[in-house]
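A.B. asks: The C-terminal residue of the sequence shown carries number 196 in full-length UniProt numbering, and the numbering is unbroken. Cβ atoms here follow ideal geometry from the backbone N, Cα and C, with glycine treated the same way.
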Amino acid sequence: MTDSNLSFFGRVSLALGTFFAILGNRELAASVKRLRDGEGFAPAPVSAPAPAPAPAPAPVAEAAAPMLKEASPVAALQLLGLLQRDARFVDFVEEDVARYSDADIGAAARLVHDGCRAVLREHFTIRPVREEAEGSRVTLADGFDASAIRLTGNVVGSAPFHGSISHRGWKVAEVRLPRVAERHDATVIAPAEVEL
């Protein structure tokens, strides 16, 4: 029997298998939506499960691993260089502080803190993820952004979730890093100094 001439039970089996595959595979669901909208079909990275006999439940396709893109280290190295330049951040972290008193470490930490804060405020606009005050009671509806909100404590069941904000979170609204010359070696976060 050809694919275009499936029997009724073959179509039922295919529909059930596709239904569960779409539930478990975001890319397949997007491809089916594009097909239904007349935009053409882009194959999903994970194939749909084979149709099961009608009486047996169709297997659920495993969710495809998210596509990972390699991050360019240049911006991270640039930020590290700015933190070193304005706050001596790398010097502070690389220093063996065991031989210093708590008062000495506290004084140095205050200078590093002031410099780090200045760098963040100059090059980033940072806003809280949630506007409510910490300790406020909130309700998270189904479909909340799990990349912006992490559930902690006794997490059971499904949304809606009711809880208290223990940390408002932070998100970057704007980045203002300086432009870098094409030949700039970003791996040099602080040049060596030679006093003459």
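1. Is S147 near I165, with beta carbons less than 8 angstroms apart?
2. Return the CA-CA distance between L82 and R183, expressed in angstroms with no decimal places.
3. Using the beta-carbon count (16 or more within 10 Å), is A71 buried or exposed?
4. Can you pull the DSSP bridge partners for H162?
5. Starting from the C-beta of H167, find all residues in its chain whose C-beta is less than 8 angstroms away, skip the five residues before and the five after it, and write them out in chain order.
6. K33 by DSSP, collapsed to three states: which one?
7. For G157, count neighbouring C-beta atoms within 10 Å of its own C-beta (all shown protein chains included) and say buried if the count is 16 or more, exposed if not.
8. Mark V119 as exposed unless 16 or more other C-beta atoms lie within 10 angstroms of its C-beta, in which case mark it buried.
9. Counting along the chain, where does the alpha helix (DSSP H) carrying A108 start and finish?
10. Just curious, the beta strand (DSSP E) that V172 is in, first and last residue?
11. Per the contact definition of three or more C-beta pairs closer than 8 angstroms, is the region 141-155 in contact with the region 98-116?
12. In whole angstroms, what separates the C-alpha of I105 from that of P160?
13. Tell whether a beta-carbon distance below 8 angstroms holds between G169 and P128.
14. Can you pull the DSSP bridge partners for R127?
15. Quick check on DSSP: helix, strand or coil for P73?
16. When burial is assigned at 16 or more other CB atoms within 10 Å of the CB, is S31 buried or exposed?
C.D. replies: Here's the rundown:
1. Here residue 147 is taken as the residue at index 147 of the sequence shown, counted from 1. Here residue 165 is taken as the residue at index 165 of the sequence shown, counted from 1. A distance of 8 angstroms or more separates the beta carbons of S147 and I165.
2. Walking along the sequence shown from the start, residue 82 turns up at place 82. Walking along the sequence shown from the start, residue 183 turns up at place 183. Roughly 18 angstroms between the two C-alpha positions.
3. What you label residue 71 is simply residue 71 of the sequence shown in a count that begins at 1. Flag for A71 reads exposed.
4. Along the sequence shown, one-based indexing puts residue 162 at 162. Partner(s): T139.
5. Mapped onto the sequence shown, residue 167 falls at position 167. So the qualifying residues of the chain are E134.
6. In the sequence shown, counting from the first residue as 1, residue 33 sits at position 33. Residue state, collapsed to three classes: helix.
7. Taking the sequence shown and counting its residues from 1, the one referred to as residue 157 is at position 157. With fewer than 16 other Cβ atoms within 10 Å, it is exposed.
8. By 1-based counting over the sequence shown, the position of residue 119 is 119. Result: buried.
9. Residue 108 sits at position 108 when you count from the first residue of the sequence shown. D102 to H123 is the extent of the alpha helix (DSSP H) around A108.
10. What you label residue 172 is simply residue 172 of the sequence shown in a count that begins at 1. Residues W170 to V175.
11. Touching, no, given that fewer than three Cβ pairs across the two stretches are closer than 8 angstroms.
12. Residue mapping note: residue 105 aligns to position 105 of the sequence shown, counting from 1. Residue mapping note: residue 160 aligns to position 160 of the sequence shown, counting from 1. The straight-line gap from Cα to Cα measures roughly 46 angstroms.
13. Indexing the sequence shown from 1 puts residue 169 at position 169. Indexing the sequence shown from 1 puts residue 128 at position 128. In this structure, P128 lies closer than 8 angstroms to G169 by Cβ.
14. On the sequence shown, position 127 is the one that residue 127 refers to. Beta-bridge pairing by DSSP links R127 to K171.
15. Residue numbering aside, residue 73 sits at position 73 when the sequence shown is read from its first letter. The answer is helix: DSSP assigns P73 an H, G or I state.
16. Position 31 of the sequence shown holds residue 31. So S31 ends up on the buried side.
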